[in-house]
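Below is one structure; the comments refer to it alone.
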Ligand SMILES: Nc1nc2c(c(=O)[nH]1)N[C@H]1C(S)=C(S)[C@@H](COP(=O)(O)O)O[C@H]1N2
Ligand SMILES: [Mo]
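In this note's numbering, the protein residues as written are 6 to 205.
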């Protein structure tokens, strides 16, 4: 089986004229930003659930989740605190792939992601239904480092990175918007880096 890497770093063209969003500084480092440290992960008891406005609620063990169809993409990463990291290679399951397995109800309009550290973040459904929104377990060809959300995190290259839950273990389809951890603390609901939607 050949592994091909899909380059999606040109997605900025949909949002702005420059790859680097306004007010951002490019860095080659990969800082760690966590609200409360790195939570423990036990591959034996880890369970990933898909709940809410779906035809079929789903649950996966860590082994089952890694058997889902996966892709590898080269993406950019934009942190709301002002740094951007280009050309991150992530491997994982795309959001639309998972959504199709569950069958999304017609009245679903938002999605709440949650992580093992009780982090939450909400995005409109149409902002999740993109091939670049990944549940990623590999970074640059290695298992995603624990501090960066390993075993599994969401990446949202078209939105500030707080929209990507690290240590993600739950996705809930919602019939009305809710607010997650940072959205409740003054950060933008929409978080489009090319419009500098940092605060609400
Ligand atoms: N579960 C969880 N996910 C999270 C966070 C967190 O504290 N907990 N921080 C968010 C923020 S503010 C950012 S900028 C990115 C940071 O990802 P990194 O630590 O890999 O750079 O993760 C986001 N996802
Ligand atoms: Mo952040």
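The beta carbon of each residue, even a glycine, is placed where N, CA and C say it ideally should be.
Note that this is a predicted model, so its numbers are computed, not measured.
(request) Quick one: grab the DSSP three-state call for residue 166. (result) The count along the chain shown starts at 1 and reaches residue 166 at position 161. Helix at residue 166.
(request) In angstroms with no decimal places, state the Cα-to-Cα distance between residue 2 and residue 193. (result) Nothing about residue 2 can be read from this structure; the chain reaches only from 6 to 205.
(request) Could you check how far apart the C-beta atoms of residue 171 and residue 153 are, in whole angstroms? I think they sit under 8 Å. (result) In the chain shown, the residue the question calls residue 171 occupies position 166. In the chain shown, the residue the question calls residue 153 occupies position 148. Right, their Cβ atoms sit about 7 Å apart.
(message) Considering only heavy atoms of ligand 2 and the C-beta of each residue, which residues fall inside 6 Å, strictly closer?
(response) 38, 84, 85, 86, 166 and 167
(message) Spatial neighbours of residue 20 within its chain, please: C-beta separation below 6 Å, excluding the five flanking residues on both sides.
(response) Within the chain shown, numbered from 1, the residue matching residue 20 stands at position 15. Only 199 meet the Cβ criterion.
(request) Could you tell me which of 54, 76, 33 and 119 sits nearest to residue 90, measuring between CA atoms? (result) Mapped onto the chain shown, residue 90 falls at position 85. Here the closest residue by C-alpha is 33.
(message) Assuming residue 94 and residue 10 are in contact, meaning their beta carbons sit under 8 Å apart, how far apart are those beta carbons, in whole angstroms?
(response) Taking the first residue of the chain shown as position 1, residue 94 is located at position 89. Taking the first residue of the chain shown as position 1, residue 10 is located at position 5. Rounded, the Cβ-Cβ distance is 6 Å, consistent with contact.
(message) Given this structure, state the Cα-to-Cα distance separating residue 44 from residue 155, to the nearest angstrom.
(response) Translated into positions along the chain shown, residue 44 becomes position 39. Translated into positions along the chain shown, residue 155 becomes position 150. Taking the straight line from one Cα to the other gives about 10 Å.
(request) Check whether the stretch 73–89 touches the stretch 160–167, taking contact to mean three or more Cβ pairs, one atom from each stretch, closer than 8 Å. (result) yes
(request) Can you tell me which of 133, 52, 13 and 196 puts its alpha carbon nearest to the alpha carbon of residue 173? (result) As a first step, residue 173 is located in the chain shown; it is residue number 168 there, counting from the start. Checking every option, the nearest Cα to that of residue 173 belongs to 52.
(request) Starting from residue 93, follow the beta strand (DSSP E) in both directions and report where the run begins and ends. (result) On the chain shown, residue 93 is found 88 positions in, with the first residue counted as 1. That run of the beta strand (DSSP E) goes 88–99.
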